[in-house]
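To start, the structure under review is shown below, and the notes come after it.
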Amino acid sequence: MLSVSHVEKSYKTGGLFSNERQEVLRKVSFECSHGECLGIIGESGSGKSTLGRLLLGIEKPDRGSVLFEGENVSDHAVRLGNISAVFQDYTSSINPFFTVEAAIMEPLLQQKKTRVDAKSKVDRLLNHVGLDSSYRKKYPHELSGGEVQRVCMARAISTEPKCIVLDESISSLDVSVQIQVLELLKTLKSIYKMSYIFITHDIQAAAYICDRVIIFRSGQIEEIVPIAKLKDVQSDYARKLLKHIITF
Amino acid sequence: MNIWLSLSKDKLAVMSLLIIVATLAAGIFAPQFAPHDPTEVNMQLKYAASSWTYLLGNDHLGRCILSRLIYGIRPSVLWVLVALAISVCIGAVIGFIAGYFRGKIDAFMMRICDVMLSFPGYVMTLAVVGILGAGLEHILIAFVVMKWAWFARVIRTAVMQYSDMDYVKFAKASGSSHLTVIVRHIVPVTFADIAVISSGSICSMILQISGLSFLGLGIQAPNAEWGMMLNEARGVMFSRPELMLAPGLAIIIVVSAFNFLSDALQAAINPQLKTAQRKLQASEVRVSSYESIRG
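Chains as they are written, first to last, in my numbering: chain B, 1 to 248; chain S, 249 to 543.
Next up, the structure:
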């Protein structure tokens, strides 16, 4: 469904007339099929968030392509209603001028659906993410981090997309809330049959929810393993990474 | 409609709005409001104190100060607002494009702004007036030419600050076009900044117009203008200080009204500030720092 082939990305460093470039992604190729939850694990600075932005079509790769069902994601008509996202920072993920209702309706209104339909849907979506309809008129600064992330998830699933990119979506929450949100993600997945691309540095969270994980290191794919075989990883880096998990 | 409701609860905002509306109306309908001809000289009434026929008294040529004040609204407030609106619009368009798209467009536009900003403001104005000739409209053209770059830079910074936010990323990711993202997500949040910097520069523009009128480049002599009235009263500053009072107070009141209104507007449209109005002070500090950077 979502296929990434030979993607490369580099950023300019230095001033206006400098030609130096820093390579962030090198020859990245993988595929994510329908209903799959694909984890992307890597340290900070390994380029996984850049990869996330490329998957969402916010930025274009220098070389290679990111295709959604055979069409290029950088065309915003392709993304409309099909791809969605939940980001890390809950303080800036909802426009401070929007109420919860307006935020959730935003992607729905872009699809030119009627306002009445959208309004009745907001209640249902809020229910799905474990909030009640009294939240409709609240502003983001009146919500806690976990509540904002739930609203973001409601917003992300509102158009019933086929794929959601979760870029460190649970990393800024505390541990007890993380588990609730992970549970919620699992439930939502069973209802809507979407695929997730779960970008994280937290192997345990990835192991909990993903079907397959990509181990990512300095802009390259180190290894792709199904979660059941996570213990038998081949590469040195992946083994080292697994060894460093703090077990409770 | 929500904005009006919360504005109407703020007494200072309502008062400022009334003052601004009254000033604008008085300026537009000056011939109806002014009791006398503002250029009518009557040497017998030189420096006369206020009376029932001349409510604010008369100046050094015996002209009615109230009428001059009312006619002075036109160049001092109305035309300044027009010049301001045009330069803010140009600055906003360029600032939004540069701040939102970044990269080469940004670098190119900002270099043009740098070139514009490297000219000293008054020299630029003098050059424009020198080419086009003296007159209010030429000074206003010069104002637009020298101010837009500054607005563009400040607005670009404000836009950049918000265009990295996750909600902007989400809107882009979920398939909104660039125009929708700018209109729905970036314009409302940067509006507060734009309102504050524009209301802050109204004051300096009024004073600059008067400065240029003093040099004989702006409003020509018999016509009334607040800054020029101040200059005329300057000669008798110690013997008749009350002559400076009317134009001086007029400038202070109008400028404060604009400042208060922009602050109140900011608080009214921002839901975070509806509960606490702490940002009022912060924005004032920001204006003064902008002004001091500009010199």
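Just so it is clear, CB atoms sit at the ideal spot from N, CA and C, and this is done for glycine as well.
Where Lys-162 (chain B) and Lys-137 (chain B) are concerned, what is the direct C-alpha to C-alpha distance, given to the nearest angstrom?
The alpha-carbon atoms of Lys-162 (chain B) and Lys-137 (chain B) are separated by roughly 28 Å.
Using a Cβ-Cβ cut-off of 8 Å (strictly less than) and excluding sequence neighbours within five positions of Ile-224 (chain B), which residues of its own chain qualify?
Excluding residues up to 5 positions away in sequence, Phe-30, Arg-212, Val-213, Ile-214, Ile-215 lie with their Cβ nearer than 8 Å to the Cβ of Ile-224 (chain B) in the same chain.
Need the endpoints of the beta strand (DSSP E) that Thr-200 (chain B) sits in, please.
Unbroken beta strand (DSSP E) run through Thr-200 (chain B): 195-200.
Kindly list the residues whose CB is nearer than 6 Å to the CB of Gly-339 (chain S), restricted to its own chain and excluding five residues on each side of it in sequence; keep chain order.
Answer for Gly-339 (chain S): Trp-396, Phe-399, Ala-400, Ile-403, listed in chain order.
By the three-class DSSP mapping on this structure, what secondary structure does Val-7 (chain B) have?
Val-7 (chain B) carries a strand assignment under DSSP once its states are collapsed to helix, strand and coil.
Leaving out the 5 sequence neighbours to the left and right, which residues in its chain are closer than 7 Å to Ile-430 (chain S) when beta-carbon positions are compared?
Only Phe-344, Tyr-348 meet the Cβ criterion.
First and last residue of the uninterrupted beta strand (DSSP E) at Arg-21 (chain B):
Element bounds for Arg-21 (chain B): 21-32.
Helix, strand or coil at Ser-44 (chain B) [DSSP, three-state]:
DSSP places Ser-44 (chain B) in coil when its eight states are reduced to three.
Does the separation of the CB atoms of Asp-232 (chain B) and Ser-172 (chain B) fall below 8 Å?
In this structure, Ser-172 (chain B) does not lie closer than 8 Å to Asp-232 (chain B) by Cβ.
Delimiting residues of the beta strand (DSSP E) encompassing Val-129 (chain B):
Note, Val-129 (chain B): premise wrong, no beta strand (DSSP E); not H, not E.
Establish whether the CB of Tyr-139 (chain B) and some CB of chain S are separated by less than 8 Å.
Interface residue (Cβ-Cβ distance to chain S less than 8 Å): Tyr-139 (chain B) is classified as such.
What separation, rounded to the nearest whole angstrom, lies between the Cα atoms of Gly-448 (chain S) and Leu-188 (chain B)?
For Gly-448 (chain S) and Leu-188 (chain B), the distance between alpha carbons rounds to 50 Å.
Secondary structure, alpha helix (DSSP H): runs of 4+ residues fully inside the region 436-491 of chain S:
The region 436-491 of chain S contains these whole alpha helix (DSSP H) runs: 474-482.
Would you call the region 289-299 of chain S and the region 324-341 of chain S in contact, with 3 or more CB pairs under 8 Å?
Verdict: no, contact absent.
Would you call the CB atoms of Pro-578 (chain S) and Tyr-139 (chain B) closer than 8 Å?
Here chain S has residues from 249 to 543 only, and residue 578 (chain S) is not among them.
Please go through the same chain and pick out, in chain order, the residues whose beta-carbon is closer than 8 Å to the beta-carbon of Ala-282 (chain S), but skip the five residues on each side of it.
Residues of the same chain with a CB within less than 8 Å of the CB of Ala-282 (chain S), apart from the 5 flanking positions on each side, are Cys-312, Leu-314, Ser-315, Ile-318, Tyr-319 in chain order.
Within 8 Å, do at least three Cβ pairs link the region 252-268 of chain S to the region 60-78 of chain B?
Segments in contact, no.
At what residues does the alpha helix (DSSP H) containing Glu-168 (chain B) begin and finish?
Looking at the DSSP string, Glu-168 (chain B) is not in any alpha helix (DSSP H), and its letter there is neither H nor E.
With a threshold of 16 other CB atoms inside 10 Å of the CB of Gln-234 (chain B), please say whether the residue is buried or exposed.
For Gln-234 (chain B), the number of other beta carbons within 10 angstroms of its own is below 16, and it is reported as exposed.
Taking the runs of the alpha helix (DSSP H) that are 4 residues or longer, which of them lie wholly in the region 52-126 of chain B?
Runs of the alpha helix (DSSP H) inside the region 52-126 of chain B: 76-79, 100-110.
What are the boundary residues of the beta strand (DSSP E) that Arg-217 (chain B) is part of?
Start and end: 212-217.
Looking at Val-392 (chain S): is its Cβ nearer than 8 Å to the Cβ of Ala-331 (chain S)?
For Val-392 (chain S) and Ala-331 (chain S), yes; Cβs fall inside 8 Å.
Contained beta strand (DSSP E) runs [length at least 3] in the region 250-322 of chain S, N- to C-terminal order
Within the region 250-322 of chain S, no complete beta strand (DSSP E) run reaches 3 residues.
Beta-carbon of Pro-96 (chain B) versus every beta-carbon of chain S: anything under 8 Å?
At a cut-off of 8 Å between beta-carbon atoms, Pro-96 (chain B) makes contact with chain S.
List, in order along the chain, the chain B residues whose C-beta lies closer than 7 Å to that of Met-413 (chain S)?
Neighbours of Met-413 (chain S) on chain B, chain order: Ser-92.
Is Ala-228 (chain B) helix, strand or coil when you go by DSSP?
Correct three-state label for Ala-228 (chain B): helix.
Relative to chain B, which residues along the region 333-360 of chain S have a C-beta separation below 7 Å, given in chain order?
Taking 7 Å as the cut-off between beta carbons, the residues of the region 333-360 of chain S near chain B are Ala-355, in sequence order.
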